[in-house]
Each structure stands twice: as structure tokens, then as C-alpha cells.
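Residue numbers (this note's numbering): 241 to 664. Backbone N, C-alpha and C define an ideal beta-carbon position, used for all residues, glycine too. Have a look at the structure below before the remarks.
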Ligand code: GDP
């Protein structure tokens with residue numbers, strides 16, 4: 241048995257979905273251990289192109305068991321919509337290949353409303369939430385004010401629990417935001433329409449995982465977003481509301497005693513950042529427009545244009561350390577093929593001094609990037625399938641990043657398709 245986590249090293253959108261899709265063939269179980277439907281993994285395979293939000297990326301492989309662990313924000317409504325969309329393209333999703341932890345907390349109907357109400361209250365000081373209810377959900381989870389998926393099997397207790405939560409939450413909805421209160425009828429409709437549909441998938445996934453490990457199966461832990469969005473180690477408060485780090489995988493998946501053998505950190509060949517918050521290496525103007533267009537950098541969930549910049553050595557080195565990455569997948573190298581000279585953010589300048597340490601979040605707004613340039617390769621590399629197929633300038637770019645971030649770049653991705661990959 242061996243286990244592995246695939247995680248983002250930067251601000252998210254590094255191309256984790258395509259990497260998980262690639263390596264799942266070696267893993268019999270894939271577990272999502274944090275986050276909710278607020279981001280998207282894009283996967284392209286024989287069934288078509290998918291933006292997965294909550295479903296683990298192993299869902300396309302026959303015989304792979306996919307688990308939504310106790311650490312995820314389980315939104316029954318969004319999950320069932322996603323299941324229907326993926327099924328519509330011919331992918332089988334059954335209680336055999338998709339399992340929801342009975343200890344996963346449910347994202348309740350008011351969480352999405354509260355997200356929108358709070359962003360509206362913040363107006364120009366908003367956090368850039370995707371308004372999927374993730375922040376209100378996790379706050380409530382830690383206040384012990386949500387429902388566990390397993391409670392759906394105890395209807396009497398469930399109704400009483402929901403009523404208590406509703407009365408408590410209506411205080412906030414009405415008195416803080418002046419919004420419409422939720423009624424028991426609303427909640428019953430939500431239970432009937434969505435929760436009934438997720439029930440067949442709910443199981444004691446901790447036991448399933450333990451059994452799988454005992455039988456020598458390989459487990460893959462899949463994260464959403466990246467190290468710099470981790471609640472504790474990221475650019476707080478512009479982080480997500482959960483822990484995106486590999487070290488959280490055992491806790492959020494249902495195998496709290498597991499040790500992770502391999503951590504694949506996914507890094508994009510340049511930087512992108514969605515939403516608000518410090519982004520020291522940000523590019524602007526025409527240069528940014530061109531990179532955004534070449535890389536198709538528009539949010540998978542929201543369609544928002546992503547902020548872009550050169551690869552950021554300072555932030556990436558920090559992300560690698562936080563994730564405890566044992567190897568790196570460098571994605572989207574092909575996107576840089578149009579550049580004559582490739583900018584690289586090698587250091588930051590803070591208070592008049594150069595630094596290679598990732599600053600405290602509040603200090604990042606004061607930092608400036610130090611940019612150096614490397615030679616471009618100016619040719620199409622999307623057909624390269626081995627290291628030696630790459631032009632020298634591309635090899636130099638990859639090995640430079642590898643040396644600076646202190647971690648072996650094992651995979652170089654040169655296109656979104658499963659086969660567009662170089663494995664060193
Ligand atoms: P994730 O959330 O980390 O999975 O990242 P996203 O799915 O939001 O973004 C990755 C995007 O880049 C998707 O549209 C992928 O299909 C695409 N992609 C991934 N790897 C490559 C690559 O090597 N080259 C190109 N051109 N596109 C890629």
C-alpha cells in the first residue's frame with residue numbers, strides 16, 4: 241500500500257485536476273479531504289471536458305472508489321447537480337464508486353445566502369468570495385452548528401436538530417442582515433429534493449478506508465486550491481476557510497493516523513490568482529492580457545478573469561515547504577512558448593531590502609517583485625513527450641525553477657490532455 245496527496249503549491253488553479261486524472265490509474269481510492277464547490281478542477285478525457293467542483297477526479301476511472309471525506313463542505317444541492325451533469329456525459333456514478341462520509345457536515349441552505357449578504361455588506365472591502373457558502377459553512381462547523389450527513393438516517397432527531405439550528409440562524413438573518421427568515425417548510429423541501437438523493441451515497445467511509453489500506457490498496461488524497469489559500473498558512477484573510485495542506489489530508493479524509501508517503505505539489509509555469517488579496521508578482525496591461533488569453537485564465541466556477549504574473553519563486557518555495565512536497569508537477573509550460581523573454585519573480589523587495597522569504601500577509605501589500613528574464617524557446621512544445629523533446633531553453637527554465645524551489649520536478653505538463661505530459 242502507498243498513499244499520495246496531490247496538492248496546489250500556489251493560489252489554486254495550478255492544474256491539479258489534470259494531474260489527479262493522470263495518476264489515479266495507480267490508486268484504487270481517491271479522497272477529497274477539504275473545501276467545497278467553490279473552486280473547480282478541469283479535467284479533459286475520453287468522456288469530454290469537465291469542471292469538477294466537489295466530485296473527486298477519480299470518478300472517471302472504472303473500479304476507482306471516490307470518497308468525499310469528513311473535511312469537505314458537503315453541499316447536497318450542488319453535489320447532485322454536478323452528479324447529474326457528469327452522468328449526462330456517460331460517466332457512471334453509483335453508491336459503489338462514490339461514497340460520502342457520514343461525518344461530513346452539510347452545507348445548509350442559509351450558508352450560500354449568508355455568503356452573499358456578507359459580501360454585499362462589505363461592498364468594496366469584500367473578500368472576493370465565490371458565494372458558495374463556504375466561509376459561513378466552516379464557521380458554523382467549528383461552532384458545531386451544522387448537520388452531519390449521517391444524521392439523515394435519524395429523521396426524528398434530525399428535524400429537532402434542524403429546528404434548533406434554524407431558530408438560531410434566523411436571529412442572524414433577520415436581526416443582522418434584515419433578510420427573510422428560513423422556515424421548516426423550506427428545510428423540508430431541501431431535505432426532500434436534495435438530501436434524499438445523497439443518502440444512498442452516505443457511508444462510514446473511515447471503515448471503508450481502513451479496510452482498503454488493510455487490503456493493500458493505494459489511496460490518493462486530493463485537495464482543492466493551494467498552499468497560499470490555506471486558512472492557517474496562506475494570505476489570511478484572503479484564504480479559503482479550510483486547510484489545503486497535505487498534512488491535513490489524514491484528518492479530513494477519515495484516516496487520521498495515516499502517514500503520507502508521497503506529496504505531489506502542482507505548480508503552474510507562471511502565476512495566477514483569483515479574487516482579492518495580495519499578489520506581489522502581478523502583471524498588468526497588455527503583457528497581462530496576452531498571458532491571460534494564452535493560458536485561458538478564467539475561473540472554472542465563476543468565469544472571472546484571473547490575475548496573472550510570472551512564476552513567483554518566493555511564493556512557490558514557501559508553498560513547497562508548507563506542503564512538504566516530495567515532487568513537483570509543473571503545468572502549462574506550453575503556454576509560455578510565445579514569449580521571447582520569460583519573466584521570473586526571483587525575490588521580493590520589502591522596506592528597501594531584497595528578500596527571498598514569503599512575507600507576513602499584511603506586509604505583502606508593501607512588497608514589490610524583483611523580476612529577471614530568461615530566454616524563451618519560441619516554438620510549439622505541446623507535442624513533446626520526453627525530456628529530450630524539449631528545447632534547451634525550456635529545459636533551462638524547468639531546472640532553474642527546480643533548483644530555486646528545492647524540489648524535483650518530476651512531471652512537466654505541456655497541454656491539458658491526459659497524454660500531454662513528460663515524466664522525468
Ligand atoms: P485546478 O483547480 O488546479 O485543477 O486547475 P484548473 O482546472 O482551474 O486550471 C487548470 C486549467 O489548465 C484547465 O483548463 C486545464 O485543462 C488546463 N491545463 C492543465 N494543464 C495544462 C497544460 O499543461 N497546458 C495547457 N495548455 N493547459 C493545461
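Residue i (DSSP reduced to helix, strand or coil)
{"i": "residue 523", "result": "coil"}
{"i": "residue 298", "result": "helix"}
{"i": "residue 504", "result": "strand"}
{"i": "residue 538", "result": "strand"}
{"i": "residue 374", "result": "helix"}
{"i": "residue 552", "result": "strand"}
{"i": "residue 338", "result": "strand"}
{"i": "residue 628", "result": "helix"}
{"i": "residue 345", "result": "strand"}
{"i": "residue 422", "result": "coil"}
{"i": "residue 359", "result": "helix"}
{"i": "residue 353", "result": "helix"}
{"i": "residue 594", "result": "strand"}
{"i": "residue 249", "result": "coil"}
{"i": "residue 565", "result": "coil"}
{"i": "residue 388", "result": "strand"}
{"i": "residue 432", "result": "helix"}
{"i": "residue 332", "result": "coil"}
{"i": "residue 498", "result": "coil"}
Cβ neighbour criterion (16 or more within 10 Å) applied to residue i
{"i": "residue 334", "result": "exposed"}
{"i": "residue 273", "result": "buried"}
{"i": "residue 269", "result": "buried"}
{"i": "residue 433", "result": "exposed"}
{"i": "residue 579", "result": "buried"}
{"i": "residue 416", "result": "exposed"}
{"i": "residue 431", "result": "buried"}
{"i": "residue 648", "result": "exposed"}
{"i": "residue 362", "result": "exposed"}
{"i": "residue 462", "result": "buried"}
{"i": "residue 383", "result": "exposed"}
{"i": "residue 592", "result": "exposed"}
{"i": "residue 216", "result": "For the chain, the structure presents residues 241 to 664; residue 216 sits outside this window and is missing."}
{"i": "residue 523", "result": "buried"}
{"i": "residue 552", "result": "buried"}
{"i": "residue 469", "result": "buried"}
{"i": "residue 424", "result": "exposed"}
{"i": "residue 452", "result": "buried"}
{"i": "residue 339", "result": "buried"}
Beta-carbon contacts of residue i that lie in its chain and below 7 Å, excluding the five residues immediately before and after
{"i": "residue 473", "result": "467, 485 and 562"}
{"i": "residue 590", "result": "599, 603, 606 and 607"}
{"i": "residue 410", "result": "421 and 422"}
{"i": "residue 637", "result": "582 and 614"}
{"i": "residue 265", "result": "301"}
{"i": "residue 482", "result": "274, 275, 311, 378 and 471"}
{"i": "residue 640", "result": "614"}
{"i": "residue 633", "result": "615, 616 and 617"}
{"i": "residue 376", "result": "351, 354 and 355"}
Residues bridged to residue i (per DSSP)
{"i": "residue 260", "result": "Looking at the DSSP assignment, residue 260 forms no beta bridge with any residue, so it has no partner."}
{"i": "residue 686", "result": "No statement about residue 686 is possible, as the shown extent of the chain runs from 241 to 664 and does not include it."}
{"i": "residue 610", "result": "587"}
{"i": "residue 460", "result": "244 and 270"}
{"i": "residue 513", "result": "547"}
{"i": "residue 281", "result": "292"}
{"i": "residue 306", "result": "270 and 338"}
{"i": "residue 404", "result": "DSSP lists no partner for residue 404."}
{"i": "residue 275", "result": "312"}
{"i": "residue 489", "result": "None, per the DSSP bridge assignment."}
{"i": "residue 466", "result": "248"}
{"i": "residue 581", "result": "615"}
{"i": "residue 443", "result": "341"}
Check: residue i C-beta below 7 Å from any heavy atom of ligand 2
{"i": "residue 629", "result": "With respect to ligand 2, the structure offers nothing, as its ligand set consists of ligand 1."}
Close Cβ partners of residue i (< 6 Å) along its chain, the five nearest in sequence each way excluded
{"i": "residue 609", "result": "520, 521 and 585"}
{"i": "residue 427", "result": "402"}
{"i": "residue 319", "result": "294"}
{"i": "residue 645", "result": "556, 557 and 560"}
Cβ-based neighbour list, residue i, same chain, cut-off 8 Å, excluding 5 preceding and 5 following
{"i": "residue 631", "result": "617, 619 and 621"}
{"i": "residue 514", "result": "251, 252, 253, 368, 539, 542, 544, 546 and 547"}
{"i": "residue 502", "result": "242, 243, 244, 245, 566 and 567"}
{"i": "residue 627", "result": "635, 652, 662 and 664"}
{"i": "residue 575", "result": "509, 510, 531, 534 and 535"}
{"i": "residue 629", "result": "621, 623 and 662"}
> Are there three or more Cβ pairs, one per stretch, closer than 8 Å when the segment 284-301 is compared with the segment 433-445?
Replying inline: Not touching, per the Cβ criterion.
> Counting pairs of beta carbons, one from the segment 307-327 and one from the segment 341-348, are three or more of them closer than 8 Å?
Replying inline: Counting Cβ pairs under 8 Å, three or more are found: they touch.
>> Below 8 Å, how does it come out for the segment 352-366 and the segment 323-340: are there three or more Cβ pairs, yes or no?
In response: No, the segment 352-366 is not in contact with the segment 323-340.
>> Quick check: the segment 646-655 against the segment 254-264, are at least 3 beta-carbon pairs closer than 8 Å?
In response: A contact is defined here as three or more CB-CB pairs under 8 Å, and the segment 254-264 meets this definition with respect to the segment 646-655.
> Looking at C-beta atoms only, is the number of pairs between the segment 383-398 and the segment 496-507 that lie closer than 8 Å three or more?
Replying inline: Taking 8 Å as the limit for Cβ pairs, the verdict is that the segment 496-507 does not touch the segment 383-398.
>> Is it the case that the segment 566-573 contacts the segment 500-509, given that we only count it when at least three CB pairs across the two stretches are under 8 Å?
In response: Contact holds between the segment 500-509 and the segment 566-573, because three or more Cβ pairs, one in each stretch, are under 8 Å apart.
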